[in-house]
Amino acid sequence: MSAVIGRAMPVLPAAGEWQQHATCSRQPTLFDSEEPKDVAAAKAHCRRCPVQDICLRSALAEERNDSQWARFGVRGGLDPVQRAQLAGVTPATDTLENPDTLRAADELLHAGELSDAAIGRQLGVRKQTIRDRRITLGIPPLAERVAAARTVRRLLSEYAVPAEDGHVLWNRPGFRPEIDGRQYSGPQLAFVAEHGRAPEGKVQAVCGRAGCIAGGHLTDRSLREARVAA
Ligand code: SF4
Ligand SMILES: [Zn+2]
Numbered sequence: 286m287s288a289v290i291g292r293a294m295p296v297l298p299a300a301g302e303w304q305q306h307a308t309c310s311r312q313p314t315l316f317d318s319e320e321p322k323d324v325a326a327a328k329a330h331c332r333r334c335p336v337q338d339i340c341l342r343s344a345l346a347e348e349r350n351d352s353q354w355a356r357f358g359v360r361g362g363l364d365p366v367q368r369a370q371l372a373g374v375t376p377a378t379d380t381l382e383n384p385d386t387l388r389a390a391d392e393l394l395h396a397g398e399l400s401d402a403a404i405g406r407q408l409g410v411r412k413q414t415i416r417d418r419r420i421t422l423g424i425p426p427l428a429e430r431v432a433a434a435r436t437v438r439r440l441l442s443e444y445a446v447p448a449e450d451g452h453v454l455w456n457r458p459g460f461r462p463e464i465d466g467r468q469y470s471g472p473q474l475a476f477v478a479e480h481g482r483a484p485e486g487k488v489q490a491v492c493g494r495a496g497c498i499a500g501g502h503l504t505d506r507s508l509r510e511a512r513v514a515a
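Adding 285 to a residue's 1-based position in the sequence shown gives its number in the numbering used here.
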């Protein structure tokens, strides 16, 4: 494959021109976004593509400033590891065998602020490997977490009513909206919004105001246990 890039290349057509002859655009399922399901078939398709050479050169040029993790998909007949090798870059690792890397991946996944791709970039690990680890840990994808957080905020803006002295009341008693297959009471929603995680056990207001759902006034079992331990 590396011979492809070593051959004398034709003069490059104007940017965008050669893409009109890219036959992968007619095979959207085969060249499915970042991770083709059938890499061998995608490569075989590229070998019959009239613009394989320029496609590969273009991919290498685009990726020249990327470190190993940023290469995804089959382009110009090569997979990300082959392109990284061709560019003289160490390919991204596809394992989390290094304990430090595994610990860092788990921390970033639990923090819930970065996508699988962003975590992969940070750690030099393939996105797919981070994704597999996230699934093992039972953590939903970032997009779902963002959507859920948005839903939580919307529900609270609709049904949480400020009361005197900084307390907040839930004005839909008995209403338990479902998010990601789990039902939440008003206090549970407010707890999620305050702490960024689902509560463990019963949510209780420690302010003494019956029915208060002010985020900072709420505790769950793990917070109560931590306070007792402290
Ligand atoms: S070489 Fe492959 S990825 Fe590149 S344009 Fe052709 S079919 Fe698409
Ligand atoms: Zn309160």
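Glycine is no exception: its CB is placed at the ideal position from the N, C-alpha and C atoms.
Does DSSP put residue i in a helix, in a strand, or in coil?
{"i": "L440", "result": "helix"}
{"i": "E463", "result": "strand"}
{"i": "T378", "result": "strand"}
{"i": "A445", "result": "strand"}
{"i": "A396", "result": "helix"}
{"i": "E510", "result": "helix"}
{"i": "G423", "result": "coil"}
{"i": "L474", "result": "helix"}
{"i": "A483", "result": "coil"}
{"i": "T386", "result": "helix"}
{"i": "Q515", "result": "It is Ala, not Gln, that sits at residue 515 in the sequence shown. Reduced to three states, the DSSP call for A515 is coil."}
{"i": "A428", "result": "helix"}
{"i": "A403", "result": "helix"}
{"i": "A434", "result": "helix"}
{"i": "T308", "result": "helix"}
Would you kindly check if the distance between the Cβ of residue j and the Cβ of residue i is under 8 Å?
{"i": "V437", "j": "L474", "result": "yes"}
{"i": "E429", "j": "D465", "result": "yes"}
{"i": "A327", "j": "V359", "result": "yes"}
{"i": "F275", "j": "L503", "result": "The structure shown does not extend to residue 275, since the chain is modelled only from 286 to 515, so the question has no answer here."}
{"i": "L371", "j": "L399", "result": "no"}
{"i": "R506", "j": "E479", "result": "no"}
{"i": "Q337", "j": "G373", "result": "no"}
{"i": "F357", "j": "K322", "result": "no"}
{"i": "W455", "j": "G501", "result": "no"}
{"i": "D401", "j": "R388", "result": "no"}
{"i": "V410", "j": "T386", "result": "yes"}
Kindly give me the distance between the Cβ atoms of residue i and residue j, rounded to whole angstroms, as I take these residues to be in contact under 8 Å.
{"i": "R457", "j": "G471", "result": "7 Å"}
{"i": "L381", "j": "A390", "result": "6 Å"}
{"i": "T414", "j": "D364", "result": "No, T414 and D364 are not in contact; Cβ-Cβ is about 15 Å, not under 8 Å."}
{"i": "I498", "j": "V453", "result": "5 Å"}
{"i": "H521", "j": "T314", "result": "Absent from the model: residue 521. The displayed extent of the chain is 286 to 515, so no value can be given."}
{"i": "P462", "j": "L441", "result": "Going by Cβ atoms, the distance from P462 to L441 rounds to 10 Å, so no, they are not a contact pair."}
Spell out the partners DSSP gives residue i in its beta bridges.
{"i": "A490", "result": "L503"}
{"i": "C497", "result": "L454"}
{"i": "E302", "result": "None; E302 has no bridge partner."}
{"i": "Q370", "result": "Paired residues: none, contrary to the question."}
{"i": "V410", "result": "T378"}
{"i": "Q468", "result": "E463"}
So, does the CB of residue i fall closer than 8 Å to a CB anywhere in chain D?
{"i": "R411", "result": "The structure shown contains no chain D; it is built from a single protein chain."}
Taking 7 Å as the cut-off, does the CB of residue i come closer than this to any heavy atom belonging to ligand 3?
{"i": "R494", "result": "Questions concerning ligand 3 fall outside what the structure shown contains, since the ligands it does hold are ligand 1 and ligand 2."}
* Uninterrupted alpha helix (DSSP H) stretches inside the region 320–363 (no shorter than 4 residues) -> 324–332 and 337–347
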